[in-house]
Amino acid sequence: MAILEANNIVKVYGGYSGEGSTTALDGVSLSVKEGEFVAIMGPSGSGKTTLLNILSGIDQPTSGDVSIASQEISEMSGNELALFRRRQLGFVFQEFNLLDSLTVKENIMLPMVLEKKPATDMETKVQELAQLFEIQATLEKYPYNISGGQQQRTSVSRALVNDPAIKFADEPTGNLDSKASAIIMECFEKIVAELNTTVLLVTHDVFAASYCQKVVFIKDGKIHSSIVKKGNRKEF
Ligand code: ADP
Ligand code: ADP
């Protein structure tokens with residue numbers, strides 16, 4: 003079943019046409035299945051960030067439509083969209099955006115606190131994710147007292163705590179060395195395999211894309227081609 007469906011997305015910045023306008027996306031259609039791990043790749047300026055922002059409801063397309071979990075996001079009001087994004091979408095930022103005044107556990111719980119989830123549910127969920135990512139020993143610590151890899155895993159846990167329908171990441175390995183890149187990609191691989199999470203990321207890092215099941219190439223605002231992996235990571 004498709005969890006995300008985008009049809010004929012066009013995005014023109016700076017007016018509909020003519021001087022000074024840029025066509026960032028020129029008719030992009032994309033379908034992502036539940037439990038799929040997809041990378042969107044392309045050179046700088048090809049439209050990756052614009053596409054991610056539109057798919058995740060941060061930005062509006064000039065034309066075309068996007069549905070996630072069978073809900074048409076372009077038809078939602080501002081409030082509906084804000085609520086939908088909070089409940090159904092998870093984001094991993096390039097900077098981990100952890101709050102230094104909160105413990106690791108409180109950071110992970112934050113999206114559940116905002117949703118006023120029962121305390122017992124929060125505790126169960128945090129323990130489950132901490133076990134999955136092997137960060138149990140850091141739960142009562144503060145972000146500045148844990149390693150970079152632990153911070154990454156905390157950030158991924160927080161993005162998962164509300165069981166989002168789909169998880170988005172913009173250049174998740176952008177600022178990272180190869181060891182840290184492997185840690186974050188293995189986190190994604192794990193949540194896809196063990197929690198059947200759907201992950202869509204944008205990257206120009208070939209190493210990051212090699213973890214994904216499907217790679218969609220975008221060039222000049224159009225889908226150029228895509229490849230689907232057969233078996234394990236090395237087998238395209
Ligand atoms: P990528 O993420 O692949 O580098 P972007 O989606 O950021 O590509 O950009 C695609 C094109 O749209 C580029 O030509 C870029 O300069 C242009 N662009 C991106 N954001 C804006 C904006 N807010 N206003 C005007 N042009 C933009
Ligand atoms: P990244 O590709 O690393 O995600 P950005 O999305 O910030 O970086 O920018 C991508 C491209 O879009 C850059 O070339 C940038 O100059 C251009 N861009 C971003 N915002 C604007 C804007 N408001 N007006 C014009 N161009 C923009």
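For reference, each letter of the sequence shown is one residue, going 3 to 238 in my numbering.
Just so it is clear, CB atoms sit at the ideal spot from N, CA and C, and this is done for glycine as well.
Predicted model, so just to flag it, every value in this text is computed and none were measured.
The beta-carbon separation of Leu54 and Val204, rounded to 5 Å, stays under the 8 Å limit for a contact. Among the bridge pairs identified by DSSP, Thr25 is matched with Val14. Collapsing the DSSP output to three states places Gly92 in a strand. Between ligand 1 and the CB of Lys50, the shortest heavy atom gap is smaller than 8 Å. Straight across, the Cα-Cα distance linking Ala41 with Pro113 is about 25 Å.
Within the chosen limit of 8 Å, ligand 1 reaches the beta carbon of Gly44 through at least one heavy atom. Listed in chain order, the non-local C-beta contacts of Ile220 below 8 Å within the same chain comprise Val30, Ile42, Met43, Gly44, Ser48, Gly49, Lys50, Leu53, His226, local neighbours out to five positions each way being set aside. When only Cα atoms are considered, Tyr15 and Ser65 end up about 12 Å apart. Assignment of Ala195 by DSSP, reduced to helix, strand and coil, places it in the helix class. Going by DSSP, Lys216 is part of no alpha helix (DSSP H) but of the beta strand (DSSP E) stretching over 216 to 221.
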